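In what follows, a single structure is set out as structure tokens and then discussed.
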Amino acid sequence: MRTLKEIEDEIDQNVPLGNIGKVMDLVDEHGNTMDQMFYAICDGDLDRIYDLEQLGIDITDESFVVAAVRNDQLMVVADQVRRGLNVDLLIAIAEREGKQLIWNWAKCWKSVEARNASRA
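Per my numbering, the very first residue in the sequence shown carries number 1435; after that it's consecutive.
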């Protein structure tokens, strides 16, 4: 699979040329790559997630966070937080989605991090 940047660069090259068919194929390829990440998140497949991240996908993007929360993928959520996901955003999403376990975990994480920061 190609990186998102490679696909996007090829789209940028073909748009001015009017290659609509080629651009549509590239947009499909881009979308299919993103779909693969959604499937990996829903399945909790961290190995696949890591592979897809190498293609330039940001696991902390809000749509991926929502997918992880909706599918109760706490391991994925923990990885997203480790990679810089804003915990307040996670708490809000978990609350909105009615996912108590993830909400509790995120609140606990935030408390522990605040306590650790106050000791530093």
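Here a beta-carbon is modelled for each residue, glycine too, at the ideal position from N, C-alpha and C. On a predicted model such as this, the values are computed, not experimentally measured, just so you know.
- When the alpha-carbon of LEU1489 is set against those of GLU1442, VAL1510 and CYS1542, the nearest one is in GLU1442.
- Cβ neighbours of ARG1504 within its own chain (closer than 8 Å, five residues either side excluded): GLU1531 and LYS1533.
- Secondary structure of ASN1505 (DSSP, three-state): coil.
- For ALA1554, there is no enclosing alpha helix (DSSP H), as DSSP marks it with neither H nor E.
- Annotation: the segment 1439–1487 contains the following complete segments of the alpha helix (DSSP H) (minimum length 4 residues), in chain order: 1454–1477 and 1480–1487.
- Every alpha helix (DSSP H) stretch that sits fully inside the segment 1518–1552 and reaches 4 residues is listed by chain position as 1521–1531.
- By the C-beta density criterion, MET1435 is exposed, having fewer than 16 other C-beta atoms within 10 angstroms.
- Spatial neighbours of ARG1517 in its own chain (CB-CB distance under 8 Å, excluding positions within 5 residues in sequence) are listed in chain order as ILE1493 and THR1494.
- Proximity to VAL1499 across GLU1440, ALA1526 and ARG1482 peaks at ALA1526, based on C-alpha coordinates.
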